[in-house]
Every structure is written in C-alpha cells, then in structure tokens.
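What follows is a single structure, written as structure tokens, with notes after it.
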Amino acid sequence: HLIYFDLSKTSCKKGVHTLPENLPKIDFAAYKARLPDPAMADRFEKAYAALSIPFPVDKANMLKQVEDEHLDNEKKVKTYVSEVKAAAEESKTFLTKIESLPKFEEMTVEMYNYYFPETALNPDRPTFWPHIEEQQPYNPEFKYYQ
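First residue of the sequence shown: 293, per the numbering used here; consecutive thereafter.
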C-alpha cells in the first residue's frame, strides 16, 4: 500500500508541476467581438479579474505536529536501535561463553553446577515437587494450596 501511495503522490506532484503558476490570460476583446451581448463579456472579465483563490492555510498547525512526531519517532528509533545493538552484543558475549564450555556429552554434574551455579541444587535449600521456583516454601509469594 505504501508503494502505491508513493506512486500516486509522485504522479499527482508531476501533474501539479506541469500547470502554470498563474492563471492564463484570457483575451476578452475577442469574446466581445464574437458575442451578441458584449456586456456579458465585460461581466465575465470583471468576475475573472476579481477571482482570487487563496493558498490553503494550516490553521491547526498540522505540519508542525507531523514534524514533531517525526522527530519523536526518530528519537525512539535511535533508542530502539541502540537497545537492539546492546542486546546483540550481549548475545555475542553469551555465545562466546557457551562456546567455551565443554561439550554436553563430556560434562559431569559437578561441572554443570560449577558453570551454572544459579541452577545447581543447593542442599541447604531443598526443593519440593514440582520443583518450580514459584511453588517453593521459601519463596515469599508462595501460597499454600487449600
């Protein structure tokens, strides 16, 4: 849809730019000579001379609002891009750590507990079935089943 909109905008822009900047001059003398009532040509000439179409004015200041929104979106995009780049760098460091580990087939339970102490079983804090952190008695948010 955006491509179609862009193409239609371009074609409309070309059409507007092919038109002259000012209204064309009309030869009312030729009309006066050919019309049976020359007063009618005079009325048309006065009306045509009085015709003034003003350029539309942005009363609601919509253009400024759109430009401000564009600047805000650019700031949001820059922060998002920086966050994504930071996450990518964090992922790269995590991958280098994972690649430095021994193969899973060669790893023992002790090695696993050494490399991942946060998931190691702690004998001072035994877990109960279903061994989910949120459902352990030492968790402050744990609620006993009724």
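Backbone N, C-alpha and C define an ideal beta-carbon position, used for all residues, glycine too.
For residue i, report the span of its alpha helix (DSSP H) as first-last.
i           : result
residue 295 : 294–310
residue 403 : 401–407
For residue i, would you say it is in contact with chain D, using Cβ-to-Cβ distances shorter than 8 Å as the test?
i           : result
residue 378 : No chain D is present in this structure, which holds just one protein chain.
Should residue i and residue j be called a contact, given that it needs their Cβ atoms to be closer than 8 Å?
i           : j           : result
residue 330 : residue 338 : no
residue 327 : residue 321 : no
residue 407 : residue 393 : yes
What I want to know is whether the C-beta of residue i ends up closer than 7 Å to one or more non-hydrogen atoms of the ligand MG.
i           : result
residue 308 : For the ligand MG, the structure offers nothing, since it holds no ligand at all.
Those runs of the alpha helix (DSSP H) which lie wholly inside the stretch 319–368 and span at least 4 residues: Along the length of the stretch 319–368, whole alpha helix (DSSP H) runs at least 4 residues long occupy 320–326, 330–342, reported in chain order.
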